[in-house]
Each structure stands twice: as C-alpha cells, then as structure tokens.
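K.L.:
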Amino acid sequence: MTAPTRSARAHSFNAAAAQYAANRPSYPPALLDAVEELAGRPLEGARVADVGAGTGRATALLRARGADVIAVEPGLGMAAEFRRALPDVPLVRGDGNHLPLAPASLDLVTYAQSWHWTDPARSVPEALRVLRPGGALALWWNNSALDVPWIAEASARLVRHFDIDVEAEKKIGTHAAGADPEGRLDFAHRNLRWSRRVSLDTHLANLGSHSILLTDTEERRTAFFTEERRHLQRVFPDGIVEETYDLDLLVALTAA
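With numbering that gives the first Met the number 0, the residue at position 141 of the sequence shown is 140, and numbering never jumps.
1. Look up residue 140 in the DSSP assignment and give the residues it is bridged to.
2. Look at the alpha carbon of residue 170 and the alpha carbon of residue 59, and state the distance between them as a whole number of angstroms.
3. Taking the C-alpha atoms as reference points, what is the distance between residue 241 and residue 155?
4. Can you find the residues in the same chain that come closer than 6 angstroms, C-beta to C-beta, to residue 9, ignoring five residues on each side of it along the sequence?
5. Need the endpoints of the alpha helix (DSSP H) that residue 81 sits in, please.
6. Taking the beta strand (DSSP E) that residue 23 falls in, what are its first and last residues?
7. Helix, strand or coil for residue 241 per DSSP?
8. Tell me the residue span of the beta strand (DSSP E) that contains residue 9.
9. Can you give the Cα-Cα distance for residue 246 and residue 78, rounded to whole angstroms?
10. Touch check for the region 64-75 and the region 88-102: three-plus C-beta pairs under 8 angstroms?
11. Please name the residue in 30, 41, 253 whose C-alpha comes closest to that of residue 136.
12. Measure the Cβ-Cβ separation of residue 37 and residue 250 and say whether it is below 8 angstroms.
13. If residue 47 and residue 118 are in contact, beta carbons under 8 angstroms, what's the gap, nearest whole angstrom?
14. In terms of residues, what are the limits of the beta strand (DSSP E) holding residue 69?
15. Considering only the beta carbon of each residue, do residue 244 and residue 142 sit closer than 8 angstroms?
16. Suppose only complete runs of 4+ residues qualify. What are the alpha helix (DSSP H) ranges in the region 177-241, listed by chain order?
17. May I ask which residues mark the beginning and end of the beta strand (DSSP E) holding residue 108?
18. Taking just the CA atoms, how far does residue 52 sit from residue 197?
19. Are the region 172-186 and the region 223-241 in contact at 8 angstroms, needing three or more beta carbon pairs?
20. Go through the region 35-69 residue by residue and report every complete run of the beta strand (DSSP E) that reaches 3 residues or more, in order.
21. Using the C-alpha atoms, what's the distance from residue 233 back to residue 126?
22. Based on Cα-Cα distance, which residue from 114, 81, 161, 23 lies nearest to residue 205?
23. DSSP on residue 156, reduced to helix/strand/coil?
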C-alpha cells in the first residue's frame with residue numbers, strides 16, 4: 000500500500016472527530032503549571048490562541064485556568080465537535096501556517112498535539128507575528144512511554160502491521176530540532192510522565208483515532224484490532240488498560 004500523504008493524514012481526523020473527542024487522552028494538571036512557569040506569567044487573564052484546537056481538550060483546560068482563549072482549527076469535523084463541547088468559546092477557521100489573528104495581540108500561543116502538522120518555515124514567523132513582546136509559544140504532545148514493556152511490545156506490533164516508517168515519523172516528531180529546524184526559537188523542554196486507566200475498548204478506540212490507522216484500509220485495521228485485542232486481553236484480563244504517557248512540552252519566549 001502507498002503511504003498516505005502528510006496532508007491526507009492531517010485531514011483524516013475530521014471524519015473521526017467524534018471518536019477522537021470520546022477516546023483521546025487529556026493532559027495532567029502539572030502541564031499548565033509548567034506552561035506558566037516557563038512562560039513566566041500566570042494563565043489567569045492571559046490572551047491565548049490555541050491553534051489546531053481540535054475538539055477542544057486543551058482549550059477547555061486553558062479556559063479553566065482563567066485564560067481568555069480563542070481557538071483556531073482548520074478542520075470542519077473537528078470544529079463541529081469543538082462547538083458542541085465549547086459553544087461559548089470563540090473559534091476561527093485557520094491553521095498555524097496562516098493565523099487569522101492580529102499582530103502582537105497575544106500573550107501565549109499553544110499547540111496541543113498539532114504543531115507537527117504545520118510547516119515551521121511558515122508557522123514560526125506566524126507565531127512570532129501574533130505574539131506580544133515577551134509572549135510565549137508552547138507546544139506539547141502526549142507520547143506513549145516506550146520503556147513500559149507492554150507499550151513497547153504494542154508499538155512494535157503496530158509498526159510491523161502497518162509498515163510504519165519510524166524514521167519518517169521522527170521527522171514530524173516532538174523535539175526542538177524538528178519543531179524549529181532553522182533554530183530561530185530557544186525552547187525550554189519539560190517532560191511529564193502521567194497515566195490514565197481506561198477500558199480496553201476505549202484504549203483501542205483511542206489507538207484507532209490516530210492518522211496512520213485512519214488512512215489505512217478497513218481490512219488491515221480490522222485484522223490489526225482483532226489481534227491487538229487478543230494480545231491485550233492477556234495482559235489486562237480485567238479489561239482495564241493503564242496507558243502511560245511522556246508528555247513533552249516545549250516553550251519559547253519572544254524578546255521583551
């Protein structure tokens with residue numbers, strides 16, 4: 000099978016937006032503590048744009064901290080789920096490569112699980128354009144903790160079944176060199192380990208909401224999930240899966 004294009008993968012979430020909203024993990028409270036520390040200011044009263052807001056998980060957490068949030072989301076399906084969850088939060092259509100926002104209007108720009116779908120050659124200048132002096136850009140991702148044996152084994156099965164190019168995946172990964180290849184930003188990095196306990200069905204639905212699976216064939220997905228359920232039922236006979244994540248956070252400040 001020909002590998003799906005990056006654009007096809009980026010747009011695949013719209014058809015599965017409800018599945019995404021229902022099953023994807025959120026983020027630990029320590030995340031926003033770290034954002035405040037590295038940004039050097041509280042979220043309370045901060046003017047924030049959450050870009051690639053998706054179904055609104057990060058937006059809701061930012062608003063709960065008292066931030067004045069506007070969401071930016073390119074996808075119709077994801078935007079529809081966002082509006083159902085957060086009908087009173089401003090939402091505009093757009094993406095990180097062309098932010099529909101005024102210059103120097105924001106204290107913080109956030110990307111939760113979404114920066115890797117942008118082109119840093121365009122998204123870095125756009126973030127710098129809309130941030131006020133002394134503002135901050137915060138990027139974060141939940142990554143599966145591969146030092147947990149069952150997660151490492153499950154990841155290896157996924158790579159084998161879907162012929163995933165691991166090196167290509169790393170190029171759209173979650174570290175400073177990939178986030179800003181030209182080195183225009185000085186990122187501080189934090190890693191936060193956390194976990195959640197969910198049903199096996201939720202775990203598999205979460206897995207199925209990732210772009211590499213959404214863009215593959217129904218036949219291959221069905222075969223994979225049949226085998227994966229069998230493997231995990233042996234590991235978690237009570238049907239409760241403990242997913243462990245390493246959350247990678249990158250924060251860069253603009254010149255004051």
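Don't be surprised by glycine CBs; every beta carbon is placed ideally from N, CA and C.
No experiment lies behind these values; they were computed from the predicted model shown.
P.N.:
The relevant details are as follows:
1. DSSP lists 247 as the beta-bridge partner residues of residue 140.
2. Any reading at residue 170 needs caution, since the residue's pLDDT is 49, under 50, leaving its predicted position unreliable; the model's value is listed next. Rounded to the nearest angstrom, the two C-alpha atoms are 29 angstroms apart.
3. Taking the straight line from one Cα to the other gives about 18 angstroms.
4. 116.
5. Where residue 81 is concerned, the enclosing alpha helix (DSSP H) stretches over 75-84.
6. Judged by DSSP secondary structure, residue 23 falls outside any beta strand (DSSP E); it is assigned neither H nor E.
7. Residue 241: strand per DSSP, three-state reduction.
8. Per DSSP, residue 9 belongs to no beta strand (DSSP E); it is in the alpha helix (DSSP H), 5-10.
9. Distance between residue 246 and residue 78, taken at the CA atoms: about 24 angstroms.
10. By the C-beta criterion, the region 64-75 is judged to be in contact with the region 88-102, since at least 3 inter-stretch pairs fall below 8 angstroms.
11. Nearest of 30, 41, 253 to residue 136, Cα basis: 253.
12. Yes, the pair counts as a contact, with Cβ atoms nearer than the cut-off.
13. Their Cβ separation, rounded to whole angstroms, is 22 angstroms, which puts residue 47 and residue 118 out of contact at 8 angstroms.
14. It spans 67-71 - the beta strand (DSSP E) in which residue 69 sits, taken as one unbroken run.
15. Taking 8 angstroms as the Cβ cut-off, residue 244 and residue 142 qualify as a contacting pair.
16. If we require 4 residues or more, the alpha helix (DSSP H) runs fully inside the region 177-241 come out as 199-207, 210-213, 217-234.
17. First-last of the beta strand (DSSP E) with residue 108: 105-111.
18. Here the alpha carbons of residue 52 and residue 197 stand approximately 23 angstroms from one another.
19. Short answer: they don't touch.
20. Here the runs fully enclosed are 46-50.
21. When rounded, the distance between both Cα atoms is 46 angstroms.
22. Check the Cα spacing between residue 205 and each of 114, 81, 161, 23: the tightest is with 23.
23. Three-state result, residue 156: helix.
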